[in-house]
Amino acid sequence: MLPSTIFREYDIRGLEKTELSEKAIFTIASAYAVMLSKRNINKILIGHDNRPSSENYYQAAKKALLASGVEILDMGMILTPMLYWALRHYQIDGGIIITASHNPLGWNGLKLAYDRTRTLLQKEIIELKDLCDQEASISGEGSLQSLNILPAYYADILSRSTLHRPLKVVVNTANATSSFFASAIIKSFGCQVVELNTNPDPTYPHYDPNPAYLPMMEDTGRVVLESKADLGLAFDADGDRLGVVDEKGKMLFPDYWAIPMSQMVLRENPGASIIFDVKCSEALLEDIKKHGGNPVMWKTGHSYIKSKMKETDSPFAIEQSGHCYWGPPYYYGFDDALFTALMFLESISLTNKSVSQVFVDVPHYVSSPAYHPELPEGDKYKIVGELTEEFKKEGHRVIDINGARVYFENGWGLVRASSNLPALVLRFEAKTEEGLSDIEKVFRDKLSRFPQISKDWKTA
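Be aware that the sequence shown starts at -15, since it is given in my numbering, and climbs by one per residue.
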């Protein structure tokens, strides 16, 4: 039986060899084929990232699908958003990409698509797990066809945005799968590109390809200053998350750098709902209101955000981790860091200001990064539930749609369970540095009574 911990809220992720193996991938792909057959789906798209184990896992998945009678369109090495794009473009309802997204080296997984617009929801992940536990399978004679989506994909995203003045951009892909694509698309958009760690190397020799990881962003900022660039862009491993550094080399949190795009969306779609996750700053919420939009706070996670966008007819959504989602009339309702990079560059090029100047009039709060203290997988939800009830009993205003976002007189703090790792997610925000320290201390004191929680609060 496969470890239950690999079946996460909206995808499959586990440690290579100990939790995931080629045999495990074969079992999961076979069960997925059963799920699709129950929904009368027999054709799927499949691709993979450049992690060391991905090629072997990819072959195992294809072997299982062919034995299940599935018609496979093989896209080879791609980014996760390219799978989402291809589902829409080719009108196909099933898809797999072998990836662990931004997780550190040593992890891998699968993102499983359904219904052209989304990945599996939690209830469907549970269904998949049950089928895996039963070792469910179907027999048939499948087929395999190669598919090169890049010319059509590039043409589509480049046609949807415009660069209004030249910009010099540092592009950092941390040697991950985005290295095959990011610099090329930014150059095609008309920017001068300074490349940083854009040679693909699946061992990730410099740092994890994660724009929430401070060393990646600090390195990007260093090269921005050295090259006198207008800004820096950092891409995660599978191309669905973006990081931004201004011309001064300063890292901007995603809930801040999303603001000029939110303003652009609201100018063109007055009164629109803008979705953001529970980790995002009050500055974003206030700016959405200021520009006539309807701010909607929601759960962290791409499946949840995509469903909420569809429910509210929202054209734009942001997660503090760097996922940006674009719905009609801009795009197809999913997160794509390459497309988001083009839209951010367009929003900056519409002004005559530097990136830092664009944010002068934005509401200012002092925000922490998102912290990820580790703990045993089985403890995280129980501890979050206990803390949520404790804060409520103390009389705090608590938003509990996804963990506990706890309000204080001068700011707020968040604790939730990570969907992807055996860790908590913490974030704090206040009007002053002193207020931020006070709120952080409240959480540190409460967490200190749980010896299983690491005292090392990692930022990614």
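Just so it is clear, CB atoms sit at the ideal spot from N, CA and C, and this is done for glycine as well.
Which residues in the same chain as residue i place their Cβ atom closer than 6 Å to its Cβ, once the five residues preceding and following it in sequence are excluded?
| i | result |
| --- | --- |
| LEU326 | SER145, PHE173 |
| ALA84 | ARG(-3), TRP91, ASN92, GLY93 |
| ALA120 | ALA15, VAL18 |
| ASP320 | PRO65 |
| PRO193 | ALA158, ALA160, ASP220, ALA221 |
| VAL177 | VAL153, VAL155, SER167, ILE170, LYS171 |
| PRO36 | PRO186 |
According to DSSP, is residue i part of a helix, a strand, or is it coil?
| i | result |
| --- | --- |
| ILE385 | coil |
| ASP117 | helix |
| LEU89 | coil |
| GLN75 | coil |
| MET201 | helix |
| SER351 | strand |
| TRP441 | coil |
| GLU358 | strand |
| VAL228 | strand |
| MET327 | helix |
| ASP319 | strand |
| ARG102 | strand |
| LEU96 | strand |
| ILE56 | strand |
| MET235 | strand |
| LEU4 | strand |
| VAL368 | helix |
| VAL344 | coil |
Please classify residue i as buried or exposed, where buried requires at least 16 other C-beta atoms within 10 Å of its C-beta.
| i | result |
| --- | --- |
| ASP(-5) | buried |
| SER52 | buried |
| GLN75 | exposed |
| MET(-15) | exposed |
| THR417 | Per the sequence shown, the amino acid found at residue 417 is Glu instead of Thr. Result: exposed. |
| ILE80 | buried |
| PRO312 | exposed |
| ALA139 | exposed |
| ALA256 | buried |
| PRO135 | exposed |
| ILE367 | buried |
| GLN247 | buried |
| LYS364 | buried |
| ASN253 | buried |
| HIS348 | exposed |
| ASP261 | buried |
| LYS95 | buried |
| ILE110 | exposed |
| ASP203 | buried |
| LEU128 | exposed |
| ARG23 | exposed |
| ASP440 | exposed |
| GLY362 | exposed |
Considering only DSSP beta bridges, list what residue i is partnered with.
| i | result |
| --- | --- |
| SER38 | Looking at the DSSP assignment, SER38 forms no beta bridge with any residue, so it has no partner. |
| PHE(-9) | ILE(-4) |
| HIS380 | Paired residue(s): none; HIS380 is not in a bridge. |
| LEU420 | None, per the DSSP bridge assignment. |
| LEU405 | Paired residue(s): none; LEU405 is not in a bridge. |
| ARG411 | LEU398 |
| PHE392 | GLY395 |
| MET61 | HIS32 |
| MET66 | For MET66, which the question treats as bridged, DSSP gives no partner whatsoever. |
| LYS27 | GLU55 |
| TRP310 | PHE300, PHE318 |
Output needed for residue i: all residues of its chain with C-beta closer than 8 Å, excluding positions within five of it in sequence on either side, in chain order.
| i | result |
| --- | --- |
| ASN26 | LEU20, GLY53, VAL54, GLU55 |
| TYR316 | TYR68, TRP69, ARG72, THR101, TRP310 |
| HIS380 | VAL390, TYR391, PHE392 |
| PHE427 | GLY397, VAL399, LEU410, PHE412 |
| ALA44 | GLU6, LYS7, ILE9, PHE10, ALA13 |
| HIS32 | SER38, GLU39, TYR41, TYR42, GLY60, MET61, ILE62, ILE81, ILE82, THR83 |
| LEU334 | HIS148, MET248 |
| TYR137 | MET66, TRP69, ALA70, HIS73 |
Residues in the same chain with beta-carbon distance under 7 Å from residue i, minus the five sequence neighbours each way, listed in chain order, please.
| i | result |
| --- | --- |
| PRO360 | PRO406, GLN436 |
| PHE164 | MET61, PRO184 |
| ASN181 | ASN156, THR157, ALA158, ASN159, HIS190 |
| ASN34 | MET61, ALA160, THR161, PRO184, PRO186 |
Just to confirm, does residue i get its C-beta within under 7 Å of one of the non-hydrogen atoms of the ligand ZN?
| i | result |
| --- | --- |
| TYR314 | This structure lacks the ligand ZN, and indeed carries no ligand of any kind. |
Those runs of the alpha helix (DSSP H) which lie wholly inside the segment 118 to 151 and span at least 4 residues = 134 to 143
Ranges of the beta strand (DSSP E) found wholly within the segment 247 to 308, counting only runs of at least 3 = 257 to 261, 278 to 282, 300 to 302
Ordered list of beta strand (DSSP E) runs contained in the segment 160 to 225, each at least 3 residues = 176 to 180, 215 to 219
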